[in-house]
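Visitor: Numbering-wise, the working numbering comes out as the position in the sequence shown, counting from 1, plus 183.
Even glycine gets a Cβ: it sits at the ideal position worked out from N, Cα and C.
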Amino acid sequence: MTLRIEEKQYPAGGRYGEFFIGKHLIGRATKQPEGWQVHGKRKTMPTPEMAAKVMLDDKLNTIRKEEDLTRKLMEGLRMYCGGRLPHTTK
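(1) Given a cut-off of 9 Å, decide if I204 and T185 are closer than it, judged by their beta-carbon atoms.
(2) Buried or exposed: M238, going by 16 or more other Cβ atoms within 10 Å of its Cβ?
(3) Which residues mark the beginning and the end of the alpha helix (DSSP H) in which A235 is found?
(4) If you draw a straight line from the alpha carbon of E201 to that of C264, how long is it in whole angstroms?
(5) W219: which of P229, G210, R225 sits nearest, CA to CA?
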């Protein structure tokens with residue numbers, strides 16, 4: 184899969200890029216003279232590849248947090264059900 188950046192312009196001026204790997208949008212970053220500043224981050228990354236890595240790391244961290252919450256909710260349900268989860272008819 185290849186990294187692709189679609190550069191766009193803010194209405195008030197300035198440029199930003201939408202970063203894609205294949206057809207999947209992975210994030211956005213503002214174009215700075217020193218490189219790319221990923222949205223929601225303070226540090227400017229000198230290369231597009233480093234900016235893309237920051238975006239993907241952020242996605243993984245979000246997924247890990249969501250997984251942790253889901254596991255805690257599942258454990259809460261298990262305790263509510265007396266230690267055994269009900270069977271599903273899937």
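Guide: In short, the structure shows the following:
(1) Yes. Within cutoff.
(2) M238 is buried by the Cβ-count criterion.
(3) Where A235 is concerned, the enclosing alpha helix (DSSP H) stretches over 231 to 263.
(4) If I take the Cα positions, the gap works out to 46 Å.
(5) W219 has its Cα closest to that of P229, out of P229, G210, R225.
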